[in-house]
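S.K.:
Chains as they are written, first to last, in the numbering used here: chain A, 1 to 202; chain B, 203 to 404.
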């Protein structure tokens, strides 16, 4: 049996895992679950992942590993995508937690609201505040990237994959990256990595 | 020079680091920054941590490591607080990301609103929805702990520290743990660990 990824094509969190699997050349099955149709909340799926979210990776032994960044760390251990030095590994985690704690709740949620709610949805009222928070996040990323090619240890790692996933589609959340040349140059460097696939590719 | 922790006594995220430092017996200085007084947003502190949050650990070489769970992972590597097996390490991260992605935004934020905003604050309107989300989180933790003493690998680890920090003060957010006997028994087991300190201890 091979890896099976419980997935949703437009999810940046799922895309992180698809991208790393592609770059590691790891064969896997995909099971698409439509979050808008409640497909992650069926009794069958909750028995696999009680938190009812995607992505989740079914391992070769049948165990289920949820949380996109825990999956990235698991797959990357022992490969070039995760540095060996103790402080570098902590820095990778620092940026992955930064992504989940500040970036995803502003950048990804802006995109989600614009793509998944009706124009008259009350959730649209959140957008101005989310835009402010998203630019706070970009203003932390920009100076860090101004002097570096990648987030940690001068090389492409799962920290870059984690932050690329929702940054590159920020314009779909009506978030303009025009003021951030270092972020835009980094997006190009990530896109140029061997084995890169777009978010639209299953 | 020793470790220096940029800290805030009532923060559960900071408490995670204080607790692990105490249990590892690592000497450190503490610098208290009052988040309500903007002390994490001064130019001096932003030069250290551009994201302007606590906790952040200043290492012996002067580098600053932010994000509570990245700090826990850094300090725990090579100790009994982080399992060695690859899948166990990923499970520790799974639960730490679960904590930051679902637990902290509901359980910790409920407590924050009740402790740090006035009774007529508009933020109080968030409390009913946060309570629902907090109980969703407890309902993921409860069955997991019903068959286990600790979250991962049958032993006390940084996954337990990460989840203990805000769970044990859930009642301060008006969140009742009465319906969760396995969570309450686990809180007692964590409290009984050697070198445990309360959140009030600097």
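Just so it is clear, CB atoms sit at the ideal spot from N, CA and C, and this is done for glycine as well.
From residue 86 of chain A to residue 120 of chain A, what does the alpha carbon distance come to, in whole angstroms?
M.R.: Here residue 86 of chain A is taken as the residue at index 86 of the first chain, counted from 1. Here residue 120 of chain A is taken as the residue at index 120 of the first chain, counted from 1. For residue 86 of chain A and residue 120 of chain A, the distance between alpha carbons rounds to 49 Å.
S.K.: Could you tell me which chain B residues have their CB closer than 7 Å to the CB of residue 47 of chain A, listed as they occur along the chain?
M.R.: Residue numbering aside, residue 47 of chain A sits at position 47 when the first chain is read from its first letter. The contacting residues do not exist; residue 47 of chain A stays about 11 Å from chain B at best.
S.K.: Indicate, with yes or no, if the ligand NAD has a heavy atom lying under 7 Å from the CB of residue 230 of chain B.
M.R.: For the ligand NAD, the structure offers nothing, since it holds no ligand at all.
S.K.: Report all residues from its chain with a CB closer than 7 Å to the CB of residue 28 of chain A; omit the five preceding and five following residues, and keep chain order.
M.R.: Here the question's residue 28 of chain A lines up with position 28 in the first chain. 2, 3, 4, 5, 21.
S.K.: Thinking C-beta only, is residue 54 of chain A closer than 8 Å to residue 88 of chain A?
M.R.: On the first chain, position 88 is the one that residue 88 of chain A refers to. On the first chain, position 54 is the one that residue 54 of chain A refers to. Not a contact, by the Cβ cut-off of 8 Å.
S.K.: Taking Cβ positions only, does residue 99 of chain A come closer than 8 Å to chain B?
M.R.: One-based indexing of the first chain puts residue 99 of chain A at position 99. So no, residue 99 of chain A is outside the interface.
S.K.: Whole-angstrom Cβ separation of residue 312 of chain B and residue 332 of chain B, contact assumed at under 8 Å?
M.R.: Counting from 1 along the second chain, the entry for residue 312 of chain B is found at position 110. Counting from 1 along the second chain, the entry for residue 332 of chain B is found at position 130. Contact flag correct, Cβ pair sits at about 5 Å.
S.K.: Could you pull out every residue in the same chain whose Cβ sits closer than 7 Å to the Cβ of residue 123 of chain A, ignoring the five residues on either side in sequence?
M.R.: If you number the first chain from 1, residue 123 of chain A lands on position 123. Within the same chain, residue 123 of chain A has close Cβ partners 113, 117.
S.K.: Could you tell me how far apart the beta carbons of residue 363 of chain B and residue 218 of chain B are, in whole angstroms, since I believe they sit closer than 8 Å?
M.R.: Taking the second chain and counting its residues from 1, one reaches residue 363 of chain B at position 161. Taking the second chain and counting its residues from 1, one reaches residue 218 of chain B at position 16. That pair is a contact at about 5 Å.
S.K.: Short check: CB of residue 347 of chain B to CB of residue 399 of chain B, under 8 Å?
M.R.: Within the second chain, numbered from 1, the residue matching residue 347 of chain B stands at position 145. Within the second chain, numbered from 1, the residue matching residue 399 of chain B stands at position 197. For residue 347 of chain B and residue 399 of chain B, no; Cβs fall outside 8 Å.
S.K.: Comparing C-alpha positions only, which one of B:349, B:265, B:273, B:292 sits nearest to residue 73 of chain A?
M.R.: Position 73 of the first chain, counted from the first residue, corresponds to residue 73 of chain A. That would be B:292, whose Cα lies nearest to the Cα of residue 73 of chain A.
S.K.: Helix, strand or coil, according to DSSP, for residue 54 of chain A in the structure here?
M.R.: The residue given as residue 54 of chain A occupies position 54 in the first chain. If DSSP states are grouped into helix, strand and coil, residue 54 of chain A belongs with coil.
S.K.: So, under 8 Å CB-CB, residue 302 of chain B and residue 81 of chain A are touching, yes? Tell me the CB distance rounded to an integer number of Å.
M.R.: Residue mapping note: residue 302 of chain B aligns to position 100 of the second chain, counting from 1. Residue mapping note: residue 81 of chain A aligns to position 81 of the first chain, counting from 1. Actually they do not touch by this definition, with Cβ atoms about 22 Å apart.
S.K.: Indicate the three-state DSSP secondary structure (helix, strand or coil) for residue 154 of chain A in the structure shown.
M.R.: Position 154 of the first chain, counted from the start, is the residue given in the question as residue 154 of chain A. Reduced to three states, the DSSP call for residue 154 of chain A is coil.
S.K.: Using the beta-carbon of each residue, which ones in chain A are nearer than 7 Å to residue 231 of chain B?
M.R.: Along the second chain, one-based indexing puts residue 231 of chain B at 29. What residue 231 of chain B touches in chain A: nothing, since even the nearest Cβ is about 20 Å away.
S.K.: Which chain B residues sit within Cβ distance under 7 Å of residue 66 of chain A?
M.R.: Stepping through the first chain from its first residue, residue 66 of chain A is reached at position 66. In chain order: 296.
S.K.: If we ignore side chains and look at the alpha-carbon of each, how far apart do residue 337 of chain B and residue 365 of chain B end up?
M.R.: By one-based count along the second chain, residue 337 of chain B stands at place 135. By one-based count along the second chain, residue 365 of chain B stands at place 163. About 14 Å.
S.K.: What is the C-beta distance between residue 369 of chain B and residue 211 of chain B, in whole angstroms, given that I count them as a contact (C-beta under 8 Å)?
M.R.: Here residue 369 of chain B is taken as the residue at index 167 of the second chain, counted from 1. Here residue 211 of chain B is taken as the residue at index 9 of the second chain, counted from 1. Actually they do not touch by this definition, with Cβ atoms about 18 Å apart.
S.K.: Measure from the C-beta of residue 334 of chain B to each C-beta in chain A and report whether the shortest distance is under 8 Å.
M.R.: As a working note, residue 334 of chain B is residue 132 in the second chain. Output row for residue 334 of chain B: interface = no.
S.K.: Can you tell which of A:148, A:173, A:94 has its C-alpha closest to the C-alpha of residue 126 of chain A?
M.R.: Looking up residue 126 of chain A in the first chain gives position 126. The candidate whose alpha carbon is nearest that of residue 126 of chain A is A:173.
S.K.: Only counting runs of 4 or more residues, tell me where the alpha helix (DSSP H) segments fall wholly within the stretch 29-110 of chain A, in order along the chain.
M.R.: The stretch 29-110 of chain A contains these whole alpha helix (DSSP H) runs: 43-48, 68-76, 86-98.
S.K.: Kindly indicate the opening and closing residues of the beta strand (DSSP E) around residue 187 of chain A.
M.R.: Position 187 of the first chain, counted from the start, is the residue given in the question as residue 187 of chain A. Note, residue 187 of chain A: premise wrong, no beta strand (DSSP E); alpha helix (DSSP H) at 181-191.
S.K.: With respect to the beta strand (DSSP E) encompassing residue 5 of chain A, which residues constitute its N-terminal and C-terminal limits?
M.R.: Within the first chain, the letter at position 5 stands for residue 5 of chain A. Segment 3-7, the beta strand (DSSP E) holding residue 5 of chain A.
S.K.: Which stretch, first to last residue, makes up the alpha helix (DSSP H) that contains residue 209 of chain A?
M.R.: Lying outside 1 to 202, the shown extent of chain A, residue 209 of chain A is not represented and no answer is given.
S.K.: Roughly how many whole angstroms lie between the Cα atoms of residue 379 of chain B and residue 260 of chain B?
M.R.: Here residue 379 of chain B refers to the residue found at position 177 when the second chain is read from its first residue. Here residue 260 of chain B refers to the residue found at position 58 when the second chain is read from its first residue. When the Cα atoms are used, residue 379 of chain B and residue 260 of chain B turn out to be separated by approximately 36 Å.
S.K.: So which of A:153, A:137, A:52, A:30 has the shortest CA-CA distance to residue 38 of chain A?
M.R.: Here residue 38 of chain A refers to the residue found at position 38 of the first chain. Of A:153, A:137, A:52, A:30, the residue nearest in Cα terms is A:52.
S.K.: Residues of chain A with CB under 7 Å from residue 288 of chain B, in chain order?
M.R.: Numbered from its first residue, the second chain carries residue 288 of chain B at position 86. Residues of chain A passing the Cβ test: 74, 77.
S.K.: Hey, is residue 160 of chain A's beta-carbon within less than 8 Å of any beta-carbon in chain B?
M.R.: Locating residue 160 of chain A in the first chain gives position 160, counting from the first residue. Cβ-Cβ to chain B under 8 Å: no for residue 160 of chain A.
S.K.: Which of helix, strand or coil does DSSP assign to residue 379 of chain B?
M.R.: Residue numbering aside, residue 379 of chain B sits at position 177 when the second chain is read from its first letter. Correct three-state label for residue 379 of chain B: coil.
S.K.: Helix, strand or coil for residue 201 of chain A, going by three-state DSSP, please let me know.
M.R.: Translated into the one-based positions of the first chain, residue 201 of chain A becomes position 201. DSSP places residue 201 of chain A in coil when its eight states are reduced to three.
S.K.: Indicate whether residue 285 of chain B and residue 367 of chain B have their beta-carbon atoms separated by less than 8 Å.
M.R.: Walking along the second chain from the start, residue 285 of chain B turns up at place 83. Walking along the second chain from the start, residue 367 of chain B turns up at place 165. In this structure, residue 367 of chain B does not lie closer than 8 Å to residue 285 of chain B by Cβ.
S.K.: What three-state label does DSSP hand residue 374 of chain B in the structure shown?
M.R.: In the second chain, the residue the question calls residue 374 of chain B occupies position 172. Residue 374 of chain B falls in the helix class under three-state DSSP.
S.K.: Leaving out the 5 sequence neighbours to the left and right, which residues in its chain are closer than 6 Å to residue 278 of chain B when beta-carbon positions are compared?
M.R.: Translated into positions along the second chain, residue 278 of chain B becomes position 76. Counting only Cβ-Cβ distances below 6 Å, and skipping sequence neighbours, we find 284, 360.
S.K.: Got a sec: which bits of the stretch 120-147 of chain A sit with their beta carbon under 9 Å from any beta carbon on chain B, in order along the chain?
M.R.: Here the close residues are 136, 137, 139, 140, 143, 144.
S.K.: Counting only C-beta atoms, is residue 50 of chain A closer than 8 Å to chain B at any point?
M.R.: Looking up residue 50 of chain A in the first chain gives position 50. With 8 Å as the cut-off, residue 50 of chain A counts as an interface residue toward chain B.
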